[in-house]
Amino acid sequence: MASVKVPEQKVILCGEYGVGKTSLFRRFATNTFVTSTDRKSTLGLDHYEKVYMTDEHQGVKLQLWDTGGMERVASITSSYYKFAEAAILVFSLDSPDSFNILSQHLLDIVTYAENAKIFLCGNKYDLKNQIHVTDADMETFCEQCHNLISGTYKTSCKTGQGVEEMFIDISKQLGEANRSRKELDSLNKNSFKITPPEGEPEDSCIC
Amino acid sequence: MYEGTMSEWLAVEAIVRQRDKETMAMNLAKLSSESQSGDLPVAIEDKTLINEVFEPDDDASLSSNDNPPVVQDDDDVEEEVVVEEDLKGNEKEEKEDLKNCESEERPCQDQLSSSATTEKLLSKESSYEDAKSPTCVVTPDEGVSEGPDSETICSPEYEDAIPRLIERCVPPSVVDSSTTFNTHANIITNIVHDTPSSNSITKYDTHSSPTTTSTKNSTSSIAIICKSSLDSGSHSDGADDIVSAVDDDAAADTEVTELTEEICARLQEEEEREKRTPMNSRMASEDPSEKDNLTITEGSEPKGLEAKSPCISPASSHGGIYSTDLLESFGLNLHRIDKDVQRCDRHYWYFQKCNLEKLRNVMCTYVWEHLDTGYMQGMCDLAAPLLVIFDDEAMTYACFCQLMNRMSANFPNGGAMDQHFANMRSLIQILDSEMFELMHQNGDYTHFYFCYRWFLLDFKRELVYEDVFTVWEVIWAA
Chain A
1 MASVKVPEQK
11 VILCGEYGVG
21 KTSLFRRFAT
31 NTFVTSTDRK
41 STLGLDHYEK
51 VYMTDEHQGV
61 KLQLWDTGGM
71 ERVASITSSY
81 YKFAEAAILV
91 FSLDSPDSFN
101 ILSQHLLDIV
111 TYAENAKIFL
121 CGNKYDLKNQ
131 IHVTDADMET
141 FCEQCHNLIS
151 GTYKTSCKTG
161 QGVEEMFIDI
171 SKQLGEANRS
181 RKELDSLNKN
191 SFKITPPEGE
201 PEDSCIC
Chain B
1 MYEGTMSEWL
11 AVEAIVRQRD
21 KETMAMNLAK
31 LSSESQSGDL
41 PVAIEDKTLI
51 NEVFEPDDDA
61 SLSSNDNPPV
71 VQDDDDVEEE
81 VVVEEDLKGN
91 EKEEKEDLKN
101 CESEERPCQD
111 QLSSSATTEK
121 LLSKESSYED
131 AKSPTCVVTP
141 DEGVSEGPDS
151 ETICSPEYED
161 AIPRLIERCV
171 PPSVVDSSTT
181 FNTHANIITN
191 IVHDTPSSNS
201 ITKYDTHSSP
211 TTTSTKNSTS
221 SIAIICKSSL
231 DSGSHSDGAD
241 DIVSAVDDDA
251 AADTEVTELT
261 EEICARLQEE
271 EEREKRTPMN
281 SRMASEDPSE
291 KDNLTITEGS
301 EPKGLEAKSP
311 CISPASSHGG
321 IYSTDLLESF
331 GLNLHRIDKD
341 VQRCDRHYWY
351 FQKCNLEKLR
361 NVMCTYVWEH
371 LDTGYMQGMC
381 DLAAPLLVIF
391 DDEAMTYACF
401 CQLMNRMSAN
411 FPNGGAMDQH
421 FANMRSLIQI
431 LDSEMFELMH
441 QNGDYTHFYF
451 CYRWFLLDFK
461 RELVYEDVFT
471 VWEVIWAA
């Protein structure tokens with residue numbers, strides 16, 4: 001009686017300007033990479049859905065959302081973050097600035113999408129000799145965030161290295177979270193049934 | 001007017017870049033100071049000590065009250081040099097084993113400095129260099145030696161700059177007179193050399209940018225150079241005052257010799273910095289990711305101290321004082337503009353390297369004039385078709401300003417976009433309810449966010465350039 005409906009999980013990409021959010025998105029959607037001259041800054045929103053099988057029976061449909069690095073249209077921003085199950089904090093491994101600004105994006109996620117699992121993704125891993133953000137930096141960041149970060153990845157959209165692995169891992173984690181939440185829900189329903197309060201004691205004003 | 005604005009932000013850009021380098025140098029220095037613990041406290045102690053020694057000079061500067069800024073600069077110079085010297089002194093011990101190989105580098109170093117400073121008075125400087133320990137001379141060089149060709153690239157520019165400054169600022173009589181005068185002349189050169197450094201950096205920056213070919217840029221850079229020489233001219237007057245004042249004070253003679261030694265070291269530092277700065281800016285302008293090639297030793301630490309002087313000293317461009325906030329926000333905007341310009345319509349034939357630079361200039365000018373709005377994604381796209389049509393920065397800028405009067409509300413903070421979405425929703429709902437239903441059923445797209453780009457850029461991204469021109473004309477005429 002496995003349900004045909006695959007749970008849909010909204011995953012959003014967050015990060016500074018020009019770190020490669022759209023490149024990640026493009027890898028996710030079409031597994032392609034465009035050269036720097038064909039790239040354009042992202043305006044507006046885009047999203048794409050893809051099913052990942054976490055095991056034989058269970059699949060997770062990841063719905064990846066992409067937006068510009070500095071979109072601050074009030075209505076778009078809130079709907080972008082709303083109902084997100086996961087957020088990927090993207091930064092560029094060759095730019096410490098893009099890493100240091102992540103705390104701001106993290107704050108946005110915590111504010112607008114409080115339930116989202118947060119993942120850290122260092123992009124442009126192919127620039128081996130220009131890497132300025134070390135693993136230690138990333139660890140420190142995770143510690144500073146009180147372990148809000150559920151996973152860290154290093155990817156290269158240019159070579160495709162680590163991208164697929166990242167999305168598979170994220171879908172696994174989301175699938176597990178989904179299952180445990182369902183179990184919790186059913187548990188909640190059965191064992192913590194709120195019994196209607198006893199009838200109010202009769203008003204005892206006999207004056 | 002456009003050129004004027006441009007020279008304004010170019011100057012600020014230079015400061016911003018300098019600040020970037022500064023922070024990077026600070027970070028690197030922090031790293032290296034961790035490995036050499038105990039250096040810094042000693043340096044601070046010694047600094048206060050030597051300041052007391054120089055008291056006579058303070059007296060001398062008091063007598064030249066008519067030009068206080070110079071006095072301030074002079075003091076700054078001393079302090080920085082002292083710190084510098086101390087750092088080196090500490091290094092000396094650790095580097096004694098390195099001395100042999102360093103002394104091999106030294107001859108070429110001397111050669112460089114003597115070739116760069118063709119003036120007679122400065123030949124004296126090399127003798128002072130000889131008097132100093134080899135480490136003092138070589139340490140600052142290490143930063144430069146990373147790029148083997150940097151010296152050849154940059155020294156000609158430097159060669160040009162120095163004699164010109166000296167010619168302007170030092171009266172010939174001073175140059176030709178006795179050795180004591182020569183030492184004072186050194187002071188003058190130092191002061192003069194020190195204060196307009198921000199301007200000369202600006203000059204180098206402009207030169208290193210590919211737009212040098214466009215006449216506009218060169219005029220603005222000339223304007224800056226003129227300013228620098230004006231400034232240095234006024235400073236040399238003050239320096240002359242100091243010269244006479246110090247001359248009268250016979251007691252100060254011994255201190256003066258010490259001072260000159262310090263100043264020579266300072267001059268040496270300046271020289272190194274001059275060489276390094278254009279190289280840095282060039283690298284930064286070419287490819288920011290190349291930055292890691294710059295290993296900066298402790299020798300560059302004073303650069304951090306000195307770099308603040310452009311903001312404080314009256315010699316900074318237009319005499320304006322730029323606040324840290326302003327510099328930071330403009331720096332952030334510059335960063336964003338760079339990112340966006342690089343990805344703007346690169347497939348279109350017009351946007352080759354030099355035209356991208358034009359687009360960047362227009363954007364920077366706009367942002368400089370509207371710093372409260374700042375740069376926002378999409379502005380580049382709006383300016384690009386205008387530039388293609390006009391092929392002229394000033395015209396594009398003027399037209400873009402007009403266009404933004406109408407369009408700026410669409411950008412984030414403007415608030416008009418939500419209205420557009422609502423209008424679009426109503427229109428579709430009324431005119432094509434079937435379509436609206438379809439959209440509603442297949443995932444809710446009735447927020448119409450996919451129209452964002454259409455409205456923001458007047459369909460510029462949706463059409464090819466030839467059509468954009470037509471469509472925009474129709475929209476504007478409506």
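If you read the protein sequences in the order shown, they are chains A and B.
Using UniProt numbering, the letters of the first sequence correspond one by one to residues 1 to 207.
Using UniProt numbering, the letters of the second sequence correspond one by one to residues 1 to 478.
Beta carbons: idealized from backbone N, C-alpha and C, even for Gly.
Owing to the predicted nature of the structure, the values given are computational and were not obtained by experimental measurement.
Exercise. Inspect the CB distances between the stretch 46-56 of chain A and the stretch 160-179 of chain A and report whether three or more fall short of 8 Å.
Key: yes
Exercise. Using a Cβ-Cβ cut-off of less than 8 Å, give me the residues of the stretch 12-28 of chain A that come near chain B, in sequence order.
Key: Y17, G18
Practice problem: Could you check if N31/A is buried or exposed, using at least 16 other CB atoms within 10 Å of its CB as the buried criterion? | Solution: Taking the first residue of the first sequence as 1, we reach residue 31/A at position 31. It is exposed - the Cβ of N31/A has fewer than 16 other Cβ atoms within 10 Å.
Exercise. With a 10 Å radius around its C-beta and 16 neighbouring C-beta atoms as the bar for buried, classify T140/A as buried or exposed.
Key: Locating residue 140/A in the first sequence gives position 140, where the first residue counts as 1. By the neighbour-count rule (16 or more Cβ atoms within 10 Å), T140/A is not buried but exposed.
Self-check item: Assigned secondary structure, H47/A (DSSP; H/G/I helix, E/B strand, else coil)
Solution: As a working mapping, residue 47/A is identified with position 47 in the first sequence. Residue state, collapsed to three classes: strand.
Practice problem: Could you pull the start and end residues of the alpha helix (DSSP H) that Y397/B belongs to? | Solution: Here residue 397/B refers to the residue found at position 397 when the second sequence is read from its first residue. Counting along the chain, the alpha helix (DSSP H) containing Y397/B begins and ends at 393-407.
Quiz item: Can you tell me whether I321/B is buried or exposed, with buried defined as 16 or more other CB within 10 angstroms of its CB?
Solution: For the purposes of this step, residue 321/B is taken as the residue at position 321 of the second sequence. Classification for I321/B: exposed.
Quiz item: Does the distance from the C-beta atom of G151/A to that of M138/A stay below 8 Å?
Solution: Start at 1 with the first residue of the first sequence, and residue 151/A comes out as number 151. Start at 1 with the first residue of the first sequence, and residue 138/A comes out as number 138. The answer is no: Cβ separation not under 8 Å.
Quiz prompt | Beta-carbon proximity list for K61/A, same chain, < 6 Å, skipping 5 on both sides | solution = One-based indexing of the first sequence puts residue 61/A at position 61. These residues qualify, in order along the chain: V6, E8, E49, V51.
Quiz item: Quick one: does K128/A have its CB under 8 Å from some CB of chain B?
Solution: Locating residue 128/A in the first sequence gives position 128, where the first residue counts as 1. Chain B, which has no Cβ nearer than 8 Å to the Cβ of K128/A, makes this no.
Exercise. Can you check the stretch 410-444 of chain B for any beta strand (DSSP E) of at least 3 residues that lies completely inside it and give the ranges in chain order?
Key: none
Quiz prompt | CA nearest to the CA of Q18/B, picked from D345/B, G4/B, T324/B, T5/B | solution = Position 18 of the second sequence holds residue 18/B. Ranking D345/B, G4/B, T324/B, T5/B by Cα distance to Q18/B puts T324/B first.
Quiz item: Would DSSP call S98/A helix, strand or coil?
Solution: Residue 98/A sits at position 98 when you count from the first residue of the first sequence. Of the three classes helix, strand and coil, the one that applies to S98/A here is helix, per DSSP.
Exercise. Out of A86/A, G18/A, L93/A, Q58/A, point me to the one whose CA is closest to T155/A's CA.
Key: What you label residue 155/A is simply residue 155 of the first sequence in a count that begins at 1. With distances taken between Cα atoms, T155/A lies closest to L93/A.
Practice problem: Leaving out five residues on either side along the sequence, give the residues of the same chain with a beta carbon under 6 Å from the beta carbon of C399/B. | Solution: What you label residue 399/B is simply residue 399 of the second sequence in a count that begins at 1. The residues are L386.
Quiz item: Do W454/B and E466/B have their C-beta atoms closer together than 8 Å?
Solution: As a first step, residue 454/B must be located in the second sequence, where it is residue number 454. As a first step, residue 466/B must be located in the second sequence, where it is residue number 466. It is not a contact, given that the beta carbons lie outside the stated cut-off.
Quiz item: Hey, would you say Y125/A sits closer than 8 Å to K82/A, going by beta carbons?
Solution: Within the first sequence, residue 125/A is the residue found at index 125, counting from 1. Within the first sequence, residue 82/A is the residue found at index 82, counting from 1. No, they are not a contact pair.
Quiz item: CB-CB under 6 Å to W65/A, same chain, minus the five flanking residues each way: which ones, in chain order?
Solution: Your numbering for residue 65/A matches position 65 in the first sequence. Once the five neighbours on either side are set aside, the close Cβ partners of W65/A are I12, H47.
Practice problem: Tell me where the alpha helix (DSSP H) around G331/B begins and ends. | Solution: The residue labelled residue 331/B in the question sits at position 331 within the second sequence. From DSSP, the alpha helix (DSSP H) with G331/B extends over 324-342.
Quiz item: Can you find a heavy atom of the ligand HEM that lies under 7 Å from the Cβ of K82/A?
Solution: Absence of the ligand HEM is noted for the structure shown, with no ligands found whatsoever.
Quiz item: Beta-carbon of M283/B versus every beta-carbon of chain A: anything under 8 Å?
Solution: Residue mapping note: residue 283/B aligns to position 283 of the second sequence, counting from 1. Reliability fails at M283/B, whose pLDDT of 42 lies under 50, so the model's placement of it is uncertain and the value that follows must be treated cautiously. No, no contact with chain A.
Quiz item: Using CA coordinates, which residue listed in Q377/B, M363/B, L356/B is at the minimum distance from E16/A?
Solution: Looking up residue 16/A in the first sequence gives position 16. Among Q377/B, M363/B, L356/B, the Cα nearest to that of E16/A is on Q377/B.
Quiz item: Would you say F33/A and K117/A are within 8 Å of each other, going by their C-beta atoms?
Solution: For this step, residue 33/A is matched to residue 33 along the first sequence. For this step, residue 117/A is matched to residue 117 along the first sequence. No, these two residues do not count as a Cβ contact at 8 Å.
Quiz item: What's the gap between the Cα of R336/B and the Cα of Y397/B?
Solution: Counting from 1 along the second sequence, the entry for residue 336/B is found at position 336. Counting from 1 along the second sequence, the entry for residue 397/B is found at position 397. Each residue's alpha carbon lies about 18 Å from the other.
Quiz item: Going along the chain, which residues of its own chain have a beta-carbon closer than 6 Å to the beta-carbon of L356/B, five neighbours each way excluded?
Solution: By one-based count along the second sequence, residue 356/B stands at place 356. Correct list, in chain order: V341.
Practice problem: Examine chain A for any beta-carbon lying closer than 8 Å to the beta-carbon of S289/B, and answer yes or no. | Solution: What you label residue 289/B is simply residue 289 of the second sequence in a count that begins at 1. Here S289/B scores only 40 on pLDDT, less than 50, and its place in the model is too uncertain to base an answer on.
Quiz item: Is there at least one Cβ from chain B nearer than 8 Å to G68/A's Cβ?
Solution: Mapped onto the first sequence, residue 68/A falls at position 68. Closer than 8 Å to some Cβ of chain B, the Cβ of G68/A qualifies, so yes.
Quiz item: Quick one: what does DSSP say D55/A is sitting in, helix, strand or coil?
Solution: The count along the first sequence starts at 1 and reaches residue 55/A at position 55. Residue state, collapsed to three classes: coil.
Quiz item: If the cut is a Cβ gap below 9 Å, which residues of chain A does K358/B touch?
Solution: Along the second sequence, one-based indexing puts residue 358/B at 358. Going along chain A, no residue has its Cβ under 9 Å from K358/B, so there is no contact; the nearest lies around 17 Å.
Quiz item: Within 8 Å (strictly less), CB to CB, does L102/A reach chain B?
Solution: Start at 1 with the first residue of the first sequence, and residue 102/A comes out as number 102. No, L102/A lies away from the interface with chain B (no Cβ there is under 8 Å from its Cβ).
Quiz item: Nearest-angstrom Cα distance between S79/A and E85/A?
Solution: On the first sequence, position 79 is the one that residue 79/A refers to. On the first sequence, position 85 is the one that residue 85/A refers to. Their backbone Cα atoms lie some 13 Å apart in a straight line.
Practice problem: Below 8 Å on the Cβ atoms is my guess for F119/A versus I149/A; work out the distance and round it to an integer in Å. | Solution: Residue 119/A sits at position 119 when you count from the first residue of the first sequence. Residue 149/A sits at position 149 when you count from the first residue of the first sequence. Rounded, the Cβ-Cβ distance is 7 Å, consistent with contact.
Practice problem: Give the DSSP-derived three-state secondary structure of G122/A in the structure shown. | Solution: Taking the first residue of the first sequence as 1, we reach residue 122/A at position 122. The answer is strand: DSSP assigns G122/A an E or B state.
Practice problem: Taking only the alpha-carbon atoms, compute the straight-line gap between A223/B and E8/B and give it to the nearest angstrom. | Solution: Translated into the one-based positions of the second sequence, residue 223/B becomes position 223. Translated into the one-based positions of the second sequence, residue 8/B becomes position 8. Residue placement at A223/B is flagged as unreliable, the pLDDT there being 37, under the threshold of 50; the coordinate-derived value follows with that caveat. Taken atom to atom, the span from the alpha-carbon of A223/B to that of E8/B is near 11 Å.
Quiz item: Mind checking whether R343/B and S41/A have CB atoms under 8 Å apart?
Solution: In the second sequence, the residue the question calls residue 343/B occupies position 343. In the first sequence, the residue the question calls residue 41/A occupies position 41. In contact: R343/B and S41/A (Cβ atoms closer than 8 Å).
Quiz item: Within 8 Å (strictly less), CB to CB, does L43/A reach chain B?
Solution: Walking along the first sequence from the start, residue 43/A turns up at place 43. Yes, because at least one Cβ of chain B sits closer than 8 Å to the Cβ of L43/A.
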